[in-house]
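Protein chains in written order, with the numbering used here: chain L, 582 to 841; chain G, 2 to 346.
Note that CB positions come from ideal geometry on N, CA and C, so glycine has one too.
Only one structure is covered here, and it is reproduced in the block below.
Here is the structure:
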């Protein structure tokens, strides 16, 4: 199996605390891969390392054919990687349409003068980007709010806007940090639908962090489980669910919390 | 795919009512005002209003749109004014419009350099580094006499405003030159904020990490904001010196002026183009209103010292009031008023 994303023995520490301890992650092209684990297990740190926001102390990260000890965040979009953030990272002063169009900024080739004087190249580019943005907005059912400022929308809608900003670039690799956090069951179901549709329409490889085990089991092809910065299991949802180490570290705990 | 209705695309442009208003405003400014205006109106109100509006417009691109706080605006005004003075003194063959653009470019270059700390500093710390620019420029202008053509007082007269052989030296002419320059640069700023580059400014302001992840070149964007902002502020400095004061002197561009421009932006509304004009209007008209009011209330006891003090107190009070009650500035008040009028009760 040829992995599209390969994280190889990545370690990361903050002062004395270990966030990631020699973590491996292998994601095949077109796969939806969930990363789960208790709070503080290192899930977001892993995503931040893959997107270059954190510099691993050791280990390598390979995206498609390029290997990095630190992924260059500047080039992330060019590499075909897009992501969303756990706590929304929207531009609250831009409209939804502008926010989604901003997701195409790495494709911008018309220069400043061409933009300001409205030269044909800039106008054509603006039209193309606008059409692409409109298409994504429509496919995520955001047409009603396209002219609203992103910061004024309800939380669940903002999550969708952020997904739209990532999807408009047609990423080869999409990193989703808790895309359904704080959503109702119905909203989660819709969000799952959008994520599946993204894979169908552009063959995107998806890594997502999610707490809702039901969503994880139904949505993902494979699951990696982290605990205290270490990978304790990896496999299909069924395999992971049956793994005694996982039950001890995570699922048991989660069920306890729900029971409480 | 989720089921969707086909995307109906309403036009991206602002409601046409705004456009009609803008045209009316221009007709008024070019058509009516020059017919009925008095030189008091031009010299005490309209010309300083235009120059300050332009400076605030430039600062608003940097602070309001790109989110980079600057306390050095009047340094860039000074650079623009002195560059224009020296260009017209030493290269008198250059037509005035060319001199204006070159002066703006000098200021833009300085802005680019002043913007370098923004790559490492944010907010308060960045503001302090721009403060250094303010003091440095003041020192340079005092230290190198040839910049003021070795005038002993450091005060030099601005050259006459002549464009294509026509003199715009009278009060109305200077108003018309200012109006034209401000109109053209406002058009430029309007195109800029609506462009993908303008979008990147806001992206950097609202979330730098997210901006970097989607591919915004953050360093380049910040430097561009500094350069474009300083270009406009520099030309505002030329208008301030050439069209309003008619002298070029460092005292016209002190720290007070930088704060005044920042206050205009805050009172008018951060991140809006109209805000710069509304804020400047208030700042220019406020002392005139206060002096009338003071004279009416206090009679002869109201001297210029009292006026100066009253002005500062009123301005300070206004800023505090706006920051607490309406951080979005006069623009937000105006928009609310317009909505109220349009919606039948």
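Could you tell me which residues DSSP pairs with residue 649(L) in its beta bridges? 642(L)
Less than 7 Å between C-beta atoms, sequence neighbours within five positions excluded: which residues of the same chain meet that for residue 821(L)? 804, 806, 814 and 827
For residue 758(L), count the other beta carbons within 10 Å of its own beta carbon; 16 or more makes it buried, fewer makes it exposed. Which is it? Looking at its Cβ environment, which holds 16 or more other Cβ atoms inside 10 Å, residue 758(L) is buried.
Classify residue 770(L) as buried or exposed, calling it buried when 16 or more other Cβ atoms lie within 10 Å of its own Cβ. exposed
Does any CB atom of chain G fall closer than 8 Å to the CB of residue 841(L)? For residue 841(L), the predicted structure reports a pLDDT of 37, less than 50, and the residue's modelled location is therefore unreliable. The matter cannot be settled from this model.
What three-state label does DSSP hand residue 335(G) in the structure shown? helix
Do you know whose CA, among 211(G), 203(G), 239(G) and 233(G), lies nearest residue 223(G)'s CA? 203(G)
Determine, for residue 673(L), whether the minimum Cβ-Cβ distance to residues of chain G falls below 8 Å. Chain G, which has a Cβ nearer than 8 Å to the Cβ of residue 673(L), makes this yes.
Given this structure, state the Cα-to-Cα distance separating residue 717(L) from residue 749(L), to the nearest angstrom. 6 Å
Which two residues bound the contiguous beta strand (DSSP E) that contains residue 613(L)? 613-617
Which residues share a DSSP beta bridge with residue 164(G)? 167(G)
For residue 217(G), which of helix, strand or coil comes out of DSSP? DSSP places residue 217(G) in coil when its eight states are reduced to three.
For residue 765(L), count neighbouring C-beta atoms within 10 Å of its own C-beta (all shown protein chains included) and say buried if the count is 16 or more, exposed if not. exposed
Expected contact under 8 Å - CB spacing of residue 235(G) and residue 152(G) to nearest Å: Contact flag wrong, Cβ pair sits at about 21 Å.
Note down, in chain order, each residue of its chain lying with its Cβ closer than 7 Å to the Cβ of residue 636(L), except the 5 sequence neighbours on either side. So the list reads 651, once near-sequence residues are dropped.
Can you look up residue 602(L) in the DSSP assignment and give me helix, strand or coil? Looking at residue 602(L) - three-state DSSP - the assignment turns out to be strand.
Please report the straight-line C-alpha distance between residue 830(L) and residue 754(L), rounded to a whole angstrom. 29 Å
For a quick check, are the C-beta atoms of residue 1(G) and residue 230(G) less than 8 Å apart? Given a span of 2 to 346 for chain G in the structure shown, any question on residue 1(G) remains unanswerable.
Residue 634(L) at chain G interface by Cβ criterion, 8 Å: yes
Give the range of the beta strand (DSSP E) segment to which residue 587(L) is assigned. 584-595
Which stretch, first to last residue, makes up the beta strand (DSSP E) that contains residue 786(L)? 786-790
State the CB to CB distance for the pair residue 162(G) and residue 175(G), rounded to an integer number of angstroms; the pair is presumed to be in contact (CB under 8 Å). Between residue 175(G) and residue 162(G) the Cβ distance is about 6 Å, and since that is below 8 Å, they are a contact.
Under 9 Å by beta carbon: chain G residues contacting residue 657(L): Close to residue 657(L), with beta-carbon spacing below 9 Å, are these residues of chain G in chain order: 213, 214, 215 and 216.
Which residues share a DSSP beta bridge with residue 151(G)? The partner list for residue 151(G) (beta bridge, DSSP) is empty, contrary to what the question assumes.
As assigned by DSSP and simplified to three states, the class of residue 141(G): helix
Residues of chain L with CB under 7 Å from residue 293(G), in chain order? Within chain L, no residue comes near residue 293(G); the closest Cβ sits about 39 Å away, beyond 7 Å.
Please list, in chain order, the residues of the region 732-751 of chain L that have any C-beta partner in chain G closer than 9 Å. Result list: 732, 743, 746, 747 and 750.
Given residue 70(G) as reference, the closest of 343(G), 142(G), 320(G) and 260(G) once Cα atoms are compared: 260(G)
Does residue 758(L) come out as helix, strand or coil in the three-state DSSP assignment? If DSSP states are grouped into helix, strand and coil, residue 758(L) belongs with the strands.
Could you tell me whether any Cβ in chain G is nearer than 8 Å to the Cβ of residue 570(L)? In the structure displayed, chain L extends from 582 to 841; residue 570(L) sits before or after that span and is not available.
Mind pulling the chain L residues with CB within less than 7 Å of residue 192(G)? 697
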